[in-house]
Amino acid sequence: MQDSLSYIRNKLFKWYRINGRDFPWRHTKAPYRIMIAEFMLHRTKAEQVAPVYKEFIKKYPDVKSLASVELNEIIKVTEHLGLHWRAQHFITSANYIVEKYNGNIPANPEDILKIPGVGDYIAGAIMVVCFNKIYPVVDSNIARLLNRFFNLDLEGEVRRKKKIVGLSEQLFSSHKKAELLFALIDFCSLICKPIRPICFKCLLFKRCMYKNKNKRQTDNYTPSAP
Ligand code: SF4
Numbered sequence: 264m265q266d267s268l269s270y271i272r273n274k275l276f277k278w279y280r281i282n283g284r285d286f287p288w289r290h291t292k293a294p295y296r297i298m299i300a301e302f303m304l305h306r307t308k309a310e311q312v313a314p315v316y317k318e319f320i321k322k323y324p325d326v327k328s329l330a331s332v333e334l335n336e337i338i339k340v341t342e343h344l345g346l347h348w349r350a351q352h353f354i355t356s357a358n359y360i361v362e363k364y365n366g367n368i369p370a371n372p373e374d375i376l377k378i379p380g381v382g383d384y385i386a387g388a389i390m391v392v393c394f395n396k397i398y399p400v401v402d403s404n405i406a407r408l409l410n411r412f413f414n415l416d417l418e419g420e421v422r423r424k425k426k427i428v429g430l431s432e433q434l435f436s437s438h439k440k441a442e443l444l445f446a447l448i449d450f451c452s453l454i455c456k457p458i459r460p461i462c463f464k465c466l467l468f469k470r471c472m473y474k475n476k477n478k479r480q481t482d483n484y485t486p487s488a489p
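Counted the way my numbering counts, the sequence shown spans residues 264 to 489.
Structure follows, in structure tokens:
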């Protein structure tokens with residue numbers, strides 16, 4: 264298992280160096296900025312989020328600057344993302360962090376998870392990107408990749424399955440955790456897609472067990488691919 268996880272990591276790092284996407288939140292390790300980016304990215308395309316995120320951070324560069332803002336002001340900045348129902352998250356979370364931690368997001372998952380609006384995935388992203396700590400970061404995309412690669416045949420809410428969470432935790436025992444997360448996000452979005460994964464372009468092709476069982480579901484399947 265460790266050998267396979269190390270194989271995935273190494274291939275993904277190689278792939279990411281050439282194909283990785285560049286977004287403004289990938290140039291920071293500030294927990295506040297990662298939290299804001301993740302609030303915005305929930306069910307919204309990264310390309311759409313990028314300009315809004317930039318404007319938001321320019322106006323509200325830290326937790327304290329956000330805590331005192333009126334809801335209407337937030338809605339004005341985020342309206343292009345259709346985030347009205349989430350706008351309150353920004354203020355409520357900022358107020359909580361100011362009151363409880365004087366504006367500094369704590370470095371442990373138990374406390375991060377208590378911040379209003381912060382779920383397991385956001386807590387994980389903060390832990391690996393900002394604090395370089397091992398944490399099982401799993402969303403439906405990462406879960407899909409692991410489920411396919413190891414041919415686990417898990418169904419339902421795969422990202423919550425014990426096996427997937429355990430694999431993710433081991434996967435993130437890497438010295439480049441943030442880069443690994445970004446590589447996974449891009450790879451799952453561009454190659455190991457939910458429908459019709461592009462297996463013939465996939466660097467994990469040789470060892471991935473999914474394709475062997477699902478040849479007809481892969482585009483241009485070819486045994487000689489890398
Ligand atoms: S070979 Fe296909 S199913 Fe397997 S990881 Fe690559 S894209 Fe996903």
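The beta-carbon is built from N, C-alpha and C at its ideal position, and this holds for glycine as well.
Status (buried if at least 16 other CB within 10 Å, exposed otherwise) for residue i
i: His347; result: exposed
i: Pro460; result: buried
i: His352; result: buried
C-beta atoms of residue i and residue j nearer than 7 angstroms
i: Tyr473; j: Arg411; result: yes
Simplified DSSP state of residue i, which is helix, strand or coil
i: Lys317; result: helix
i: His290; result: helix
i: Phe468; result: coil
i: Ile378; result: coil
i: Lys456; result: coil
i: Tyr473; result: helix
Backbone CA spacing between residue i and residue j [nearest angstrom]
i: Ile299; j: Glu418; result: 31 angstroms
i: Lys426; j: Asp402; result: 14 angstroms
i: Ser487; j: Leu447; result: Because Ser487 carries a pLDDT of 36, less than 50, the predicted location of this residue cannot be relied on, and the following value inherits that uncertainty. Spanning the two alpha carbons is a distance of roughly 24 angstroms.
i: Phe450; j: Gly283; result: 8 angstroms
i: Glu432; j: Asp266; result: 15 angstroms
i: Arg289; j: Ala388; result: 11 angstroms
i: Lys321; j: Gln311; result: 17 angstroms
i: Ala293; j: Cys455; result: 29 angstroms
i: Tyr270; j: Leu443; result: 13 angstroms
Residue i Cβ short of 6 angstroms to the ligand SF4 heavy atom set
i: Tyr323; result: no
i: Pro457; result: no
i: Lys277; result: no
i: Pro460; result: yes
i: Ile454; result: yes
i: Arg407; result: no
i: Arg411; result: yes
Closer than 7 angstroms to chain C by CB, residue i
i: Leu409; result: Reference to chain C is not applicable here, since this structure consists of a single protein chain.
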